[in-house]
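In the working numbering, the protein residues as written are 65 to 519.
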């Protein structure tokens, strides 16, 4: 009779292997499931150490873990292969716990589970992961070594990846770009109008198709440099064919001579009025001032602001406001010499650089001429508009000897005109004054204050 009769009714019913050993690991009892699992009879298992059936490559590790568990009277959990007599192996999960409350010899009850199917699946998963890793490595190496720029985004339009070429072209490195909006990193404009173009990745996501970049597309890099590019964008799908983002591949291209010339002009000129822009003005101002200092000649600077332009723009609409700015730009050109420079400094502000003037009064004469020219009405729709200007004047060398100083004086003078107009509400307020007049002849000061906005 078995020493453990309570197990007899269930020993052949349990699907998992049951083994009972003493605290030394010697087999005392095994059920039919365990005998079948390890391919041995009950008599072979009884009186033998349970590790006898463990694969030789796993046996030493199993014994070490077992001895440690017994010493601490802990439960035992271990995965090992069982080695069958026909040479086959079975992967098992071995659970054992002390049962000293019921057995005087402080034995252990073992539950052994066949996990061969799980191990096959795990091995397949590991192989798949390794293959996926190798595939990603190959893809990463390819992206890092190709000559085209590659940039990807998620469905929210945030950058998720940039290869080294795209870092070079945009001026952003991948670490700082990840998480930013694509429009911040990949800023593209039309080469003709310099207006922002629709991002191709958004079109690719919305249409779920490959979209090519518009012709004559310019990339504005982080540094402000421009580069003509071509390329295409395509949506990215997940395993279920859902769109998760997009990828864009692009490269630099050479523009035609005509387009290059147009770009060079746009780089120096305001797109709306055709006047020089602030960047071109600052460069010219530095050069002209250096020549004036070398030849000991005078220069004049007019800082011009168009009064109440916001109200006119709101009332007439943007098209009407554009017409006013274009008309004023043409009138400013007509009032100066070909050697002078007219610049749209920003918004409704303009600057006129007068080179090689004889006396400071010449600058004020030009200011008066500009005020008179601006006063001629402009017909916009059914309305006749008469422009009002505030003009501040500074002269080299009387008001300063650096571009910053001369601009500050002219700007301050213009601001004083604005303040005087708001304070007095007088349409005949002066339109041109200059700071630092203490050392000027009295007739200059008198004539300066006589420059008024035309009635």
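Even glycine gets a Cβ: it sits at the ideal position worked out from N, Cα and C. Nothing here was measured: the structure is a model prediction, and the numbers come from that model.
Next item on the list: May I have a chain-ordered list of the alpha helix (DSSP H) segments no shorter than 4 residues that lie completely inside the segment 106-170?
Entry: Listed in chain order, the complete alpha helix (DSSP H) runs (minimum 4 residues) inside the segment 106-170 are 106-109 and 120-135.
Note to self: So residue 101 and residue 91 are supposed to be a Cβ contact under 8 Å. How far apart are they, rounded?
What the structure shows: That pair is no contact at about 14 Å.
Item checked: Candidates 306, 362 and 272, of which the one nearest residue 460 by Cα -> Selected option, being the one with the closest Cα: 362.
Margin query: For residue 407 and residue 400, which I take to be in contact (beta-carbon distance under 8 Å), what is that distance rounded to the nearest angstrom?
Written below: Not quite, the Cβ-Cβ distance comes to about 11 Å (not below 8 Å), so this is no contact.
Notebook entry, point to check: Since residue 443 is in the beta strand (DSSP E), which residue starts that stretch and which ends it?
Noted result: Where residue 443 is concerned, the enclosing beta strand (DSSP E) stretches over 442-444.
Note to self: Does the structure place the segment 437-451 close enough to the segment 383-398 that three or more beta carbon pairs sit under 8 Å?
What the structure shows: When Cβ pairs closer than 8 Å are counted between the two stretches, the segment 383-398 is seen to touch the segment 437-451, the count reaching three or more.
Note to self: Does the beta-carbon of residue 300, which I'm using as the reference point, lie nearer than 7 Å to any heavy atom of the ligand HEM?
What the structure shows: What this structure holds is no ligand at all, so the ligand HEM is not there to describe.
Next item on the list: Given a cut-off of 8 Å, decide if residue 281 and residue 308 are closer than it, judged by their beta-carbon atoms.
Entry: No; because the gap between Cβ atoms is not below 8 Å, this pair is not in contact.
Next item on the list: Answer yes if the segment 250-258 comes into contact with the segment 185-197, meaning at least three C-beta pairs across the two stretches below 8 Å, and no otherwise.
Entry: No, the segment 185-197 does not touch the segment 250-258.
Margin query: Quick check on the burial criterion: 16 or more other C-beta atoms within 10 angstroms. Buried or exposed for residue 272?
Written below: Result: exposed.
Note to self: Closest to residue 283 by C-alpha separation, out of 276, 291 and 277, would be which residue?
What the structure shows: Cα-wise, what sits closest to residue 283 is 291.
Next item on the list: Ignoring anything shorter than 3 residues or poking outside the segment 344-405, list the beta strand (DSSP E) runs there in chain order.
Entry: Whole beta strand (DSSP E) segments, 3+ residues: 362-370.
Next item on the list: Alpha carbon to alpha carbon, how far is residue 472 from residue 393? Give it in angstroms, no decimals.
Entry: When rounded, the distance between both Cα atoms is 22 Å.
Note to self: Rounded to the nearest angstrom, what separates residue 423 and residue 337 at their Cα positions?
What the structure shows: Approximately 30 Å, taken between the alpha carbons.
Checklist line | Whether residue 225 touches residue 233 by CB criterion (8 Å) | finding: For residue 225 and residue 233, no; Cβs fall outside 8 Å.
Check: Residue ranges of each alpha helix (DSSP H) run of no fewer than 4 residues wholly in the segment 261-337, ordered along the chain?
Finding: Taking 4 residues as the shortest admissible run, the segment 261-337 contains the following complete alpha helix (DSSP H) segments, listed from N- to C-terminal end: 264-271 and 321-332.
Margin query: With distance defined between alpha-carbon atoms, name the residue in 85, 343 and 285 nearest to residue 162.
Written below: Here the closest residue by C-alpha is 85.
Check: So, using beta-carbon positions, are residue 365 and residue 458 closer together than 8 Å?
Finding: With contacts defined as CB atoms closer than 8 Å, residue 365 and residue 458 qualify as a contacting pair.
Check: Mind checking residue 303: buried by the 16 CB within 10 Å criterion, or exposed?
Finding: That one is exposed.
Notebook entry, point to check: Who are the near neighbours of residue 518 in its chain, counting only those whose CB is closer than 7 Å to its CB and skipping five residues on each side?
Noted result: In this prediction, residue 518 has a pLDDT of 34, which is less than 50 and means its spatial position is unreliable; what the coordinates show is noted afterwards. Same-chain partners within the cutoff: 435, 436 and 439.
Checklist line | Distance between residue 197 and residue 80 (C-alpha atoms, nearest Å) | finding: If I take the Cα positions, the gap works out to 37 Å.
Notebook entry, point to check: residue 213: buried (16+ other C-beta within 10 angstroms of its C-beta) or exposed?
Noted result: It is buried - the Cβ of residue 213 has at least 16 other Cβ atoms within 10 Å.
Next item on the list: Note down, in chain order, each residue of its chain lying with its Cβ closer than 6 Å to the Cβ of residue 115, except the 5 sequence neighbours on either side.
Entry: The answer, listed in chain order, is 123, 126 and 127.
Item checked: Backbone CA spacing between residue 478 and residue 428 [nearest angstrom] -> Between residue 478 and residue 428, the alpha-carbon positions lie close to 13 Å from each other.
Notebook entry, point to check: With 16 as the cutoff for other CB atoms within 10 Å, does residue 352 come out buried or exposed?
Noted result: The residue in question, residue 352, is buried, as its Cβ has 16 or more Cβ neighbours within 10 Å.
Margin query: Less than 8 Å between the beta carbons of residue 130 and residue 89, yes or no?
Written below: Closer than 8 Å, so yes.
Checklist line | Spatial neighbours of residue 467 in its chain, beta-carbon cut-off 8 Å, leaving aside the 5 residues before and after | finding: Non-local beta-carbon contacts of residue 467 in its own chain, meaning distances under 8 Å to residues more than five positions away in sequence, involve 346, 349, 350 and 353 in chain order.
Checklist line | Cβ pair residue 141, residue 117 closer than 8 Å | finding: Cβ atoms of residue 141 and residue 117: not closer than 8 Å.
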